[in-house]
Amino acid sequence: MRVWVGIDDTDSSKGMCTTYLAVLAMERIEEEVGKVIGFPRLVRLNPTIPYKTRGNGAVSFLAEVEDLGELVDVVNEIILEHAMLDDVNTNPGAVFVDEELAVKLKPFADKVIKDVVTLDEALFIIGKHLIPHIKYKKGRGLIGALASVGAELNDFTLELIAYRYPERFGTEREYDKESFFDMDFELYPETFDNVDWCNDVVVCVPGTPCPVLYGIRGENVNALHRAASIVRTEPAEKRMIFITNHATDMHLIDADNLERIENYRSYRITGRVVDEPYDIEGGHVFFEIETKFGNLKCAAFEPTKQFRNIVRLLKPGDVVEVYGSMKKDTINLEKLKVVEIAEIYVEKNPICPSCGRRMESAGKNQGFRCRKCKTKAREKVRERVERSIEPGFYEVPPAARRHLSKPLVRMDVEGRHIFR
Ligand code: ZN
């Protein structure tokens, strides 16, 4: 029989990674009870929910086995051996879903990626379809485990994850920074969001104590293998390619057809800039837009770096589409489309027709005059302000990109201002 195995919430901020644990499970399944078909899937869930796991990614893979009980035993052993069960916030769950049934979980998966879902809703699905499962402690991982199995990845990208030797877990990673830029230079955009040139950061090497050495994002298997051959690092113990919903914008809800918007969801919303953008301490930039839901605050936080310079150029009257998650009634910007640039005028003293210099006031209610040429004018003139922003799409730099955010290089749209 062919069964989708879904696993989630096995890691903590102190270590482990559900992708690594899944790879260990896949290895033991192949050694002992059957085989694994195709690539595993790494599905990122709603990035904004308050009780998410680190990175909020769940893993699933398709196994072919004779005996379901043996499969469950192997996954159970691996979770008991490797999950961070001592951490109060780690509540693993695993599900075993018949291949035929998996497609029926799509609506649930969609909801877990875009919306807020309770454990009871997951347990209801499990009960309704009698899905074999294992839960540990609170079992919150069941939500992501089910979603990872049910998610339909029409758009997807790949990630090649290399894992460290266990004796190195928790130590500083050894790698040659330049080699990652070399890789990007050769392969971009077949690989993408792995380095950030302007901020001089290797984005694909984590700094956490988890087993991951690096995770290179790309569009196809060949580019990823080539990438892995270019980067120079400490030895990797294992490598695995995951099919993911990274860089797909799958978390975004189009707000055009909604009646209301809520915190902990992510949206694309159109609006008109109300006031001048302003900075607050810490380098965060805010502005307000007028939308069909009322006025809405938007934020470009300090880590979005150069993107803030674009935001600061907005003026009242500009029409924009904002992309991002809503938290504390504020949209945290991931992307911005400038739809329409407002024409801004200022009143200035007129220019002397003879010498071309700006006239001076001739006294209260006396109009204007050029002192040198003696020319006169009655009124101030309206002059259009040169705007230094143009319509099109703008994005945060790779160093600030969220897993699910679609970089412009993957978008087939006009007016892309790509940040590489
Ligand atoms: Zn003059």
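1 is the number of the first residue of the sequence shown in UniProt numbering; add one for each residue after it. By construction, the Cβ of each residue, glycine as well, lies at the ideal position given by its N, Cα and C atoms. Fair warning: this is a prediction, and the values are worked out from it, not measured in the lab.
With the ligand ZN as the reference, list in chain order each residue whose Cβ lies under 6 Å from any of its heavy atoms. Cys352, Ser354, Cys355, Arg357, Cys370, Lys372, Cys373 and Thr375
Name, in chain order, the residues that DSSP records as bridge partners for Met240. Along the sequence shown, read from residue 1 onward, the residue named residue 240 stands at position 240. Paired residues: Ile161.
Nonlocal neighbours in the same chain, by C-beta distance under 8 Å from Glu360, ignoring five residues either side: For the purposes of this step, residue 360 is identified with residue 360 of the sequence shown, where counting begins at 1. So the qualifying residues of the chain are Asn349, Phe368, Arg369, Cys370 and Arg371.
Determine contact between the region 111-120 and the region 168-179, defined as no fewer than three beta-carbon pairs at a distance below 8 Å. no
Of all the options Arg312, Ser354 and Pro166, which has the alpha carbon lying nearest to the alpha carbon of Lys211? Within the sequence shown, residue 211 is the residue found at index 211, counting from 1. Residue identity check: residue 211 is Pro in the sequence provided, not Lys. Selected option, being the one with the closest Cα: Pro166.
With distance defined between alpha-carbon atoms, name the residue in Lys328, Val201 and Ile113 nearest to Leu296. As a first step, residue 296 is located in the sequence shown; it is residue number 296 there, counting from the start. Among Lys328, Val201 and Ile113, the Cα nearest to that of Leu296 belongs to Lys328.
Alpha carbon of Leu146 to alpha carbon of Ile230, nearest angstrom: Against the sequence shown, residue 146 aligns to sequence position 146. Against the sequence shown, residue 230 aligns to sequence position 230. Each residue's Cα considered, the two are about 36 Å apart.
In this structure, what does DSSP give as the bridge partners for Asp254? In the sequence shown, counting from the first residue as 1, residue 254 sits at position 254. Bridge partners of Asp254: Arg268.
Does the Cβ of Ile29 have 16 or more other Cβ atoms within 10 Å, making it buried, or fewer, making it exposed? Stepping through the sequence shown from its first residue, residue 29 is reached at position 29. That one is buried.
Residue from Ala377, Leu80 and Arg268 whose Cα sits closest to the Cα of Gly363: Here residue 363 refers to the residue found at position 363 when the sequence shown is read from its first residue. Cα-wise, what sits closest to Gly363 is Ala377.
Using CA coordinates, which residue listed in Arg410, Val195, Arg41 and Pro398 is at the minimum distance from Glu219? As a working note, residue 219 is residue 219 in the sequence shown. Taking only the C-alpha atoms, the option nearest Glu219 is Arg410.
Assuming Val3 and Ala63 are in contact, meaning their beta carbons sit under 8 Å apart, how far apart are those beta carbons, in whole angstroms? As a position in the sequence shown, residue 3 is number 3, starting the count at 1. As a position in the sequence shown, residue 63 is number 63, starting the count at 1. Val3 to Ala63, Cβ: 5 Å. Contact.
Kindly say whether Ser405, judged by its beta-carbon, lies nearer than 8 Å to any beta-carbon of chain B. Chain labels in this structure do not include chain B; a single protein chain is all it has.
Whose CA, out of Lys35, Ser60 and Thr90, lies closest to the CA of Ser13? Here residue 13 refers to the residue found at position 13 when the sequence shown is read from its first residue. That would be Thr90, whose Cα lies nearest to the Cα of Ser13.
Quick check on Met1: buried or exposed, where buried means 16 or more other Cβ atoms within 10 Å of its Cβ? Sequence index remark: in the sequence shown, residue 1 carries index 1 (1-based). Exposed, by the Cβ-count rule.
Taking Cβ positions, are Val202 and Gly6 nearer each other than 8 Å? Position 202 of the sequence shown, counted from the first residue, corresponds to residue 202. Position 6 of the sequence shown, counted from the first residue, corresponds to residue 6. No. Outside cutoff.
Beta carbon of Gly271, beta carbon of Val322: below 8 Å? Mapped onto the sequence shown, residue 271 falls at position 271. Mapped onto the sequence shown, residue 322 falls at position 322. Yes. Within cutoff.
Using DSSP with H/G/I as helix, E/B as strand and the rest coil, what is Ile29? Along the sequence shown, one-based indexing puts residue 29 at 29. Here Ile29 sits in helix by DSSP.
Among all the DSSP beta bridges, which residues are the ones paired with Gly215? The count along the sequence shown starts at 1 and reaches residue 215 at position 215. Answer is Ile161.
In the DSSP assignment, what are the bridge partners of Ala83? As a working mapping, residue 83 is identified with position 83 in the sequence shown. In the DSSP output, where bridge partners are listed per residue, Ala83 has none listed.
Measure the C-alpha to C-alpha separation of Ala109 and Glu152 and round it to an integer number of angstroms. Working through the sequence shown from its first residue, we reach residue 109 at position 109. Working through the sequence shown from its first residue, we reach residue 152 at position 152. Rounded to the nearest angstrom, the two C-alpha atoms are 8 Å apart.
Could you check which residue in Glu190, Asp249 and Asp256 has the C-alpha nearest to that of Ala227? Position 227 of the sequence shown, counted from the first residue, corresponds to residue 227. The residue with the shortest Cα to Cα distance from Ala227 is Glu190.
Checking 8 Å against the spacing of the C-beta atoms, do Val320 and Leu313 come in under that value? Position 320 of the sequence shown, counted from the first residue, corresponds to residue 320. Position 313 of the sequence shown, counted from the first residue, corresponds to residue 313. No.
Tell me which same chain residues have a C-beta within less than 7 Å of the C-beta of Met26, skipping the five on either side of it? Counting from 1 along the sequence shown, the entry for residue 26 is found at position 26. Contacts found: Val36, Pro40 and Phe61.
DSSP on His403, reduced to helix/strand/coil? Along the sequence shown, read from residue 1 onward, the residue named residue 403 stands at position 403. Looking at His403 - three-state DSSP - the assignment turns out to be coil, as it is neither helix nor strand.
Identify the continuous alpha helix (DSSP H) that holds Pro40 and give its terminal residues. On the sequence shown, position 40 is the one that residue 40 refers to. It is not in any alpha helix (DSSP H) - Pro40 instead sits in the beta strand (DSSP E) that spans Gly34 to Arg44.
Starting from the Cα of Lys406, find the closest Cα among Leu258, Glu290 and Thr244 and give me that residue. In the sequence shown, counting from the first residue as 1, residue 406 sits at position 406. The residue with the shortest Cα to Cα distance from Lys406 is Thr244.
Look at the Cβ atom of Pro397, then the Cβ atom of Lys305, and state whether they are nearer than 8 Å. As a working mapping, residue 397 is identified with position 397 in the sequence shown. As a working mapping, residue 305 is identified with position 305 in the sequence shown. Yes, Cβ-Cβ distance for Pro397 and Lys305 is below 8 Å.
Where Tyr20 and Leu85 are concerned, what is the direct C-alpha to C-alpha distance, given to the nearest angstrom? If you number the sequence shown from 1, residue 20 lands on position 20. If you number the sequence shown from 1, residue 85 lands on position 85. So the two alpha carbons sit approximately 15 Å from each other.
Distance, Cα to Cα, Pro385 vs Glu340? Walking along the sequence shown from the start, residue 385 turns up at place 385. Walking along the sequence shown from the start, residue 340 turns up at place 340. It should be noted that the sequence gives Val, not Pro, for residue 385. The straight-line gap from Cα to Cα measures roughly 15 Å.
Which listed residue (Val338, Leu408, Glu276 and Ala399) has its alpha carbon closest to that of Gly392: Position 392 of the sequence shown holds residue 392. Here the closest residue by C-alpha is Val338.
Please state whether the Cβ-Cβ distance between Val43 and Ala58 is less than 8 Å. The residue labelled residue 43 in the question sits at position 43 within the sequence shown. The residue labelled residue 58 in the question sits at position 58 within the sequence shown. Closer than 8 Å, so yes.
Quickly, what does DSSP pair Trp4 with across the bridge? List them, please. The residue labelled residue 4 in the question sits at position 4 within the sequence shown. The partner list for Trp4 (beta bridge, DSSP) reads Leu62 and Val97.
Quick check: what's the CA-CA separation for Met250 versus Glu276? Position 250 of the sequence shown holds residue 250. Position 276 of the sequence shown holds residue 276. Each residue's alpha carbon lies about 31 Å from the other.
Which value, in whole angstroms, describes the spacing of the CA atoms of Glu32 and Glu237? The residue given as residue 32 occupies position 32 in the sequence shown. The residue given as residue 237 occupies position 237 in the sequence shown. Glu32 and Glu237: Cα-Cα distance of roughly 21 Å.
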